[in-house]
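The structure appears below as structure tokens.
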Amino acid sequence: MSVETTTESAPAPKKGTNILLGLTLLGLLLFLWLLLGLSTNAFWTPGNISNLLRQGAMTAILAVGQTFVIITAGIDLSVGAIVGFTSVIVAWLLQAGVPLWASIILTLLMGVAIGTFHGFGIVRMGLPPFIITLATLTSLRGIGLLITNGSTISINHEGFTNFSRTDFLGVPSLFWMVILVAIPAFVFLHLSRFGRYLFAVGSNSEAARLSGVNVNRTIYLAYILSATCAAFVGLLLASRIGIGNATQAEGWELQAIASSVIGGTSLFGAVGSVHGPLLGAFILATINNGANLLNVNSFWQRIITGLLIIVIVYFDQLRRRGSR
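The numbers in my numbering rise by one with no breaks, and the one at position 185 of the sequence shown is 185.
Rendered as structure tokens:
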């Protein structure tokens, strides 16, 4: 028996569905903003809106990187640890007198190296994504603490630390970094053949291989993009807090996964977008911000996030069953 192969790429996800979901999420975000604006006088103040945009920006970038991985039916539990670790790396480089531009490039290359290691563990060693990224999560925290001797590294470069505190055209610089990441991410995922390969691998990796897709390279690429996004967030966090601290960003991997799932990315793979996780991140940031303004116990924020994930994954399962 022979297997007939084809060189045709897997079809891109339905644009109508993505647009409808995006509009629904945008409507939910606007509803939350309107509700909080009516519930508290502090929400619409320039200082609070600026703080909200800064809070959501870093989670949004992490969520975009996480989405690339989840679309391939994988998971990256290490992104929070990468953020903390790379904040230490850039602080250490700057303290050692390395020029700012070189420190930034070397830190981003560290993200590329970590993503490559994840791809190697999955493709060559046959380890599940959950295991290899969980191991990296633990290891990077330990390595960062060894480098800092359990302490922090101060950053005295004013040009670097001032960046996160400035605005451009009345919008925080950190939010502009979201746009800087989102535009090429959208082009890559929705308008390039490599983006279609991610969906094909997540749908059926063996069918993708028979269709001519280099599955191994696609997996490497997804994890490299995720880790590089996390390293970029590490730079932004170090700029914002002015220190390198290996224990920072603890739990951010769960925020990134939650933002991606709330944004419509399926944990079963092959379904996702760029705009959805961005909106999901700012929905979570709005819930957290509103809870703080209304003096709601912070534990409720976690409960609400968990319930949102349960509901969305449940309806995703119903959708998958209905499409069979």
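Just so it is clear, CB atoms sit at the ideal spot from N, CA and C, and this is done for glycine as well.
Return the CA-CA distance between Asn149 and Ser239, expressed in angstroms with no decimal places. 21 Å
Limits of the unbroken alpha helix (DSSP H) element including His275: Where His275 is concerned, the enclosing alpha helix (DSSP H) stretches over His275 to Leu293.
For the structure I just gave you, are there three or more beta carbon pairs, one from the region 32-52 and one from the region 252-267, closer than 8 Å? no
Alpha helix (DSSP H) segment containing Thr265, residue limits: Where Thr265 is concerned, there is no enclosing alpha helix (DSSP H), given that its DSSP letter is neither H nor E.
When you compare the region 299-309 with the region 90-101, are there three or more beta-carbon pairs, one atom per stretch, that lie closer than 8 Å? no
Suppose the cutoff is 7 Å on Cβ atoms and the five residues either side in sequence are ignored; what does the same chain contact list for Leu28 look like? Contacts found: Ile283.
Please name the residue in Val171, Asp76, Leu36 and Val271 whose C-alpha comes closest to that of Asn204. Ranked by Cα distance from Asn204, the first of Val171, Asp76, Leu36 and Val271 is Val271.
Neighbour-count burial assignment, Gln255, 16 or more Cβ in a 10 Å radius: buried
When you compare the region 23-42 with the region 189-208, are there three or more beta-carbon pairs, one atom per stretch, that lie closer than 8 Å? no
Start and end residues, alpha helix (DSSP H) containing Val181: Ser173 to Leu191
Roughly how many angstroms separate the alpha carbons of Ala12 and Val64, rounded to a whole number? For Ala12, the pLDDT reaches just 47, beneath the cut-off of 50, and the residue's location in the model is therefore unreliable, although a value from the coordinates is still provided. So the alpha carbons of these two residues sit roughly 18 Å apart.
I'd like to check one pair, Ile262 with Leu308: are the Cβ atoms closer than 8 Å? yes
Residues sharing a beta bridge with Ser154, DSSP: Per DSSP, Ile243.
Which two residues bound the contiguous alpha helix (DSSP H) that contains Pro46? Pro46 to Ile71
Bridge partners for Asp167 per DSSP, in chain order? Pro172
Would you kindly work out how many angstroms separate the C-alpha atoms of His157 and Ser260, rounded to a whole number? One C-alpha to the other measures close to 34 Å.
Hey, could you find the ends of the alpha helix (DSSP H) Ser139 is sitting in? For Ser139, the enclosing alpha helix (DSSP H) has its first and last residue at Pro129 to Thr148.
Tell me whether the beta-carbon of Ala222 lies closer than 8 Å to the beta-carbon of Val69. yes
Cβ-based neighbour list, Leu25, same chain, cut-off 6 Å, excluding 5 preceding and 5 following: Leu279
To which residues of the same chain is Ser154 closer than 6 Å at the C-beta, ignoring the five residues directly before and after it? Ile243
Touching or not, the region 176-188 and the region 112-131, by the rule of three or more beta carbon pairs under 8 Å? They do not touch, by the three-pair rule.
Same chain, Cβ closer than 6 Å to Ala291, neighbours up to 5 away in sequence not counted: Gln301
In this structure, does DSSP put Ile312 in helix, strand or coil? helix
Where does Asn216 fall in DSSP's three states? helix
Determine, using beta carbons only, whether Thr330 and Val112 come nearer to each other than 8 Å. What the structure shows of the chain is the stretch from 1 to 324, and residue 330 is not part of that stretch, so it cannot be assessed.
Please classify Leu318 as buried or exposed, where buried requires at least 16 neighbouring CB atoms within 10 angstroms. Under this definition Leu318 is an exposed residue.
Cut-off 6 Å between Cβ atoms - residues of its own chain near Ser78, not counting five sequence neighbours on either side: Thr133, Thr136 and Leu137
Quick one: Cα of Arg141 to Cα of Ile82, how far? 8 Å
Where Thr166 falls, given that 16 or more other Cβ within 10 Å makes a residue buried: exposed
Can you give me the Cβ contacts of Ser39 inside the same chain, cut-off strictly under 7 Å, excluding the 5 residues immediately before and after it? Leu294
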